[in-house]
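Novice:
Numbering (the working numbering), first residue to last: 117 to 150.
(1) Classify residue 130 as helix, strand or coil using the three-state DSSP reduction.
(2) Grab me the residues of residue 140's own chain with a C-beta within less than 6 Å of its C-beta, minus the 5 sequence neighbours each way, in chain order.
(3) Take residue 137 as the anchor and find which of 120, 124, 145 and 119 has the nearest alpha-carbon.
So this is what it looks like as structure tokens:
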């Protein structure tokens with residue numbers, strides 16, 4: 117199995133005191149997005 121084209125682990129996005137994204141994790145396989 118090959119490594120993913122994109123890999124995100126535990127992404128957190130905050131705007132001021134608002135946490136918009138809390139520990140998002142995902143992978144995108146190479147060739148899966150066109």
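Glycine included, each C-beta is placed from N, C-alpha and C at the ideal position.
Specialist: Short version:
(1) The count along the chain shown starts at 1 and reaches residue 130 at position 14. Correct three-state label for residue 130: strand.
(2) By one-based count along the chain shown, residue 140 stands at place 24. Around residue 140: 127.
(3) Taking the first residue of the chain shown as position 1, residue 137 is located at position 21. Answer by Cα proximity: 124.
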